[in-house]
Amino acid sequence: MALPTFTMRQLLEAGVHFGHHTRRWDPRMGPFIFGERNNVHILDLQQTVPLLHQAIKALRDTTAKGGRVLFVGTKRVASEKIAETARECGQYFVNHRWLGGMITNWATVTQSIRRLRELEKQLESEEIQQLTKKEVLQLTRERDKLELTLGGIKDMGGLPDMLFILDTNKEDIAVAEANKLGIPVVAVVDSNASPLGIDFPIPGNDDAMRAISLYCELARDSILDGLQQEMVASGHDIGAATEAPAEQLAEETPQQDIPASAATDAPAAETELDTQTTDASKPASDEAASA
Numbered sequence: 005m006a007l008p009t010f011t012m013r014q015l016l017e018a019g020v021h022f023g024h025h026t027r028r029w030d031p032r033m034g035p036f037i038f039g040e041r042n043n044v045h046i047l048d049l050q051q052t053v054p055l056l057h058q059a060i061k062a063l064r065d066t067t068a069k070g071g072r073v074l075f076v077g078t079k080r081v082a083s084e085k086i087a088e089t090a091r092e093c094g095q096y097f098v099n100h101r102w103l104g105g106m107i108t109n110w111a112t113v114t115q116s117i118r119r120l121r122e123l124e125k126q127l128e129s130e131e132i133q134q135l136t137k138k139e140v141l142q143l144t145r146e147r148d149k150l151e152l153t154l155g156g157i158k159d160m161g162g163l164p165d166m167l168f169i170l171d172t173n174k175e176d177i178a179v180a181e182a183n184k185l186g187i188p189v190v191a192v193v194d195s196n197a198s199p200l201g202i203d204f205p206i207p208g209n210d211d212a213m214r215a216i217s218l219y220c221e222l223a224r225d226s227i228l229d230g231l232q233q234e235m236v237a238s239g240h241d242i243g244a245a246t247e248a249p250a251e252q253l254a255e256e257t258p259q260q261d262i263p264a265s266a267a268t269d270a271p272a273a274e275t276e277l278d279t280q281t282t283d284a285s286k287p288a289s290d291e292a293a294s295a
């Protein structure tokens with residue numbers, strides 16, 4: 005597997021170039037705006053292409069080093085896709101609501117995750133039969149509420165090494181917390197948002213479902229490529245680690261005297277070692293997905 009590729013045609017067909025209405029723009033996105041059409045800003049895909057490539061490369065490199073990526077997308081149109089993508093590449097997600105202090109106050113969040121696990125264990129045990137229906141309902145509701153907000157990070161086991169964010173305006177608290185902790189941020193930045201505080205900005209539409217799907221698929225494939233590289237590297241390390249002790253054992257083990265008669269009768273031992281474009285095209289139909 006290799007780093008995923010994409011073309012400008014794919015970005016055009018997904019509507020990545022459509023920004024928001026000109027009245028809603030953020031002047032800090034000015035350098036990334038190509039022009040306007042029907043009072044809608046058009047983003048410059050000539051800049052989006054290399055920046056998107058840098059972003060997915062950063063995701064690949066992070067997971068190749070054993071890092072964790074946290075997907076963040078709580079807007080309704082992106083919620084399910086964010087969770088699905090994170091699960092497909094074995095990462096973590098927040099797709100319902102970003103709780104204040106979710107990463108800056110990780111100790112408290114860990115306590116809530118511990119409570120969630122206790123509830124899951126309690127509701128699956130035989131002790132549940134001794135409780136009244138009302139008590140079971142209360143525990144179930146508490147479990148479901150915690151699962152909704154923490155279910156995507158309950159197995160993360162620590163702070164993430166990188167955030168992947170779809171809408172920086174809606175997820176401004178997540179961006180601020182990541183900046184405070186020095187956690188790199190990969191984010192899609194629309195014409196109405198600010199690229200400040202984003203380590204790897206992707207100028208593009210953050211509302212159209214086709215664009216969101218494209219971002220998520222590229223992120224997923226780049227992360228899977230990184231995980232594969234990590235496994236290959238681990239395999240080489242393990243091989244080197246197991247080979248040395250075997251040689252050392254052979255050198256340190258004294259040879260025993262074998263009777264001549266046994267030596268002539270014994271068959272010889274045999275062993276085998278198995279070695280092992282950028283293609284610009286006409287824009288898609290004038291559906292200003294985020295206008």
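All residue numbers for the sequence shown refer to our numbering, where the first residue is 5 and numbers rise by one.
The beta-carbon is built from N, C-alpha and C at its ideal position, and this holds for glycine as well.
Just so you know, these numbers come straight off a predicted model, no measurement behind them.
Unbroken beta strand (DSSP E) run spanning residue i, endpoints
i	result
A191	189-193
L47	44-47
R41	37-41
P207	204-207
Residue i, enclosing alpha helix (DSSP H) - first and last residue
i	result
L135	From DSSP, L135 is part of no alpha helix (DSSP H); its letter is neither H nor E.
H25	H25 -> not in any alpha helix (DSSP H); beta strand (DSSP E) instead, spanning 22-25.
Per DSSP, cross-strand counterpart(s) of residue i
i	result
L56	L56 pairs with nothing; no bridge assigned.
F10	Its beta-bridge partners do not exist; DSSP assigns none.
Cβ pair residue i, residue j closer than 9 angstroms
i	j	result
S226	K69	no
M33	G23	yes
K174	T108	no
L15	V53	yes
A197	D210	yes
V193	F36	yes
R145	E17	no
G155	F75	no
L170	I202	no
L152	L123	no
L55	I206	yes
L163	R72	yes
Q195	L103	Gln is not the amino acid found at residue 195; the sequence shown has Ser there. For S195 and L103, no; Cβs fall outside 9 angstroms.
T78	V98	yes
I187	K158	no
L143	L120	no
H21	F38	yes
M4	E181	Residue 4 falls outside the range modelled here, since the chain spans only 5 to 295, and no answer is possible.
T67	E234	yes
CB-CB length for residue i against residue j, believed under 8 angstroms
i	j	result
L63	M166	7 angstroms
P8	L222	5 angstroms
D229	A6	6 angstroms
E130	R224	Actually they are not in contact, since the Cβ atoms of E130 and R224 sit about 40 angstroms apart, beyond 8 angstroms.
G94	L200	So it is not a contact: roughly 31 angstroms between Cβ atoms.
F168	Q58	Not confirmed; about 13 angstroms, so no contact.
E220	K85	The question names Glu, but residue 220 is Cys in the sequence shown. The Cβ separation is near 5 angstroms, so the contact holds.
### Task
Counting only runs of 4+ residues fully inside the segment 73-127, write out the alpha helix (DSSP H) ranges in chain order.
80-92
#### Entry: Whole runs of the beta strand (DSSP E) within the segment 136-181, excluding any shorter than 3 residues
If only complete runs of 3 or more residues are kept, the segment 136-181 shows the beta strand (DSSP E) at 166-169, in order along the chain.
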